[in-house]
Ligand code: ADP
Ligand code: MG
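Residue numbers (the working numbering): 204 to 647.
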């Protein structure tokens, strides 16, 4: 059977198994990019950057369906069309110099590796629009957000995407620091016209971390002229900053007001689910299978690192590093050892009390009942849930947890954890309850 035939069989089966809306929205935008018989992988592809972020929830359904058609188990991997191109041209990009001499895009920082959540939806959409239609969508585009939340990633992604789609245009990515240094050197070496020429000839200027220009009056002045000249010639400008334009206090008002001429989009810290999605993606990019153990490790990391994606990533990398170094498989135990200082940070006793409070109020019992001897199910069950969550989200030992819950012994803790864990696998509606509880624990 050829790819197209297989795909139409596939759609037929899916159509009978999901709602019409789901079928139209999530499946029809795809096609089969390649079937790799040797590694039993089916690669799906789409142009649609929205559906690509939702397909993970349907992957096992896809795999089962292909198995029905082909009588063989395949792993399904779905990627954006341009990511396949990226793979093929990744080498080209990494050596391709953008106009200018110093900068090279990091092929990893592309749009398909960027996980979209509520915290960054607008910034992502605006960046993609700009990359698709430079100077037409939003100009200037001003991206702002705290450190490690994806500003540079989006700017690089714009650069990569625009390079692929508009190979003829000049794209320049610079940090404001680089801009400043170049400006100073140009002054020193009497090469201002070369400098001006370089910056005014670009079609897309991506200038990162503009807050660096604070207190640098002359560089600001020069950047102001660069900005105006590009803008007047209908060239695209994208600016990033670690805070909103209004808060760039020592930056010239003439500049900050221009930043707000068109689109300003912020990047906020990611919520728990997005952090998990990011970790899953990073784990898979690092070649790990997303086993239950790996998922537990991701849950652990996502619950500890809440407001910086760079750190989130770095923490996962440390666990992977430890696993390679010690030749041990990645699991919670290894992660706890590798990340000792994170674990220690919750020894202060606040964490278990919070978990008790959250669980008690969720199930409508009194916090004191958590520690009581009462054994009726409506109290014992929430208590077991709280014990389980303490086991998962604190580094406390079994006997310490027992002590905190009214002096129970360690076998009671083991029993509670077992029971709840089994239920988590079996009972989907309970799984939802747990998810809500975990979110509450993480959000506070
Ligand atoms: P910033 O420039 O805002 O300080 P970066 O863009 O350098 O942050 O992001 C820090 C790290 O986190 C990078 O490795 C980047 O790839 C990663 N990252 C940030 N946001 C996301 C996201 N939404 N999805 C995937 N990776 C992300
Ligand atoms: Mg940055």
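Cβ coordinates follow ideal geometry from the N, Cα and C atoms, glycine included.
None of these values were measured; they are calculated from a predicted model.
Check whether the Cβ atoms of residue i and residue j sit closer than 8 Å, and answer yes or no.
i           : j           : result
residue 213 : residue 269 : yes
residue 271 : residue 235 : no
residue 443 : residue 324 : no
residue 448 : residue 462 : yes
residue 533 : residue 318 : no
residue 372 : residue 407 : yes
residue 429 : residue 402 : yes
residue 352 : residue 512 : yes
residue 254 : residue 333 : no
residue 416 : residue 379 : yes
residue 630 : residue 608 : no
residue 518 : residue 645 : no
residue 348 : residue 308 : no
residue 557 : residue 541 : no
Just reading off the beta strand (DSSP E) that residue i is part of, what are its end residues?
i           : result
residue 613 : Residue 613 -> not in any beta strand (DSSP E); alpha helix (DSSP H) instead, spanning 613-629.
residue 279 : 278-283
residue 468 : 466-470
residue 237 : 234-239
residue 411 : 407-411
residue 249 : 244-249
residue 444 : 439-444
If I measure Cβ to Cβ from residue i and keep anything under 7 Å in the same chain, skipping five residues before and after, which residues do I get?
i           : result
residue 601 : 613, 616 and 617
residue 634 : 627
residue 623 : 587, 588 and 591
How is residue i classed by DSSP in three states: helix, strand or coil?
i           : result
residue 351 : coil
residue 493 : coil
residue 333 : helix
residue 673 : Limits of the chain in this structure are 204 at one end and 647 at the other, which puts residue 673 out of reach.
residue 319 : coil
residue 377 : strand
residue 488 : helix
residue 424 : helix
residue 637 : helix
residue 651 : In the structure as shown, the chain starts at 204 and stops at 647, and residue 651 therefore has no counterpart that could be examined.
residue 632 : helix
residue 308 : coil
residue 645 : helix
residue 562 : helix
residue 456 : helix
residue 339 : coil
residue 506 : helix
residue 223 : helix
residue 252 : coil
residue 292 : Confidence in residue 292 is poor, its pLDDT being 48 and thus under 50, which makes the residue's placement too unreliable to answer from.
residue 257 : coil
residue 482 : helix
Keeping to the same chain, check which residues put their C-beta closer than 6 Å to that of residue i; ignore five residues upstream and five downstream.
i           : result
residue 258 : 281
residue 233 : 247 and 249
residue 516 : 485
residue 620 : 591 and 594
residue 283 : 255 and 315
residue 499 : 535
Counting only the same chain and skipping the five closest in sequence on each side, list residues whose C-beta sits under 8 Å from that of residue i.
i           : result
residue 239 : 245 and 246
residue 394 : 388
residue 292 : The pLDDT assigned to residue 292 is 48, lower than 50, so where the model puts this residue is not dependable, and the model offers no usable value.
residue 640 : 561, 562, 565, 588 and 592
residue 243 : 275, 276, 277 and 278
residue 320 : 473, 474, 476, 477 and 480
residue 219 : none
residue 582 : 568, 572 and 575
residue 400 : none
residue 487 : 493
Tell me which residue opens and which closes the alpha helix (DSSP H) that residue i is part of.
i           : result
residue 570 : 570-574
residue 262 : 262-273
residue 414 : Element bounds for residue 414: n/a, residue is neither H nor E.
residue 596 : 580-596
residue 372 : That residue, residue 372, is in no alpha helix (DSSP H); it is neither H nor E in DSSP.
residue 211 : 206-220
residue 518 : 512-529
residue 401 : 395-403
residue 605 : 601-607
residue 537 : 535-541
Three CB pairs or more closer than 8 Å across the region 342-350 and the region 326-334: yes
Inter-stretch contact at 8 Å, needing at least 3 Cβ pairs: the region 364-380 / the region 484-499: no
Segment contact flag, the region 470-486 with the region 380-396, C-beta cutoff 8 Å, min 3 pairs: no
Inter-stretch contact (C-beta, 8 Å, three-pair minimum) for the region 433-443 and the region 386-395: no
contact_flag[the region 500-511, the region 525-532] where n(CB pairs < 8 Å) is 3 or more: no
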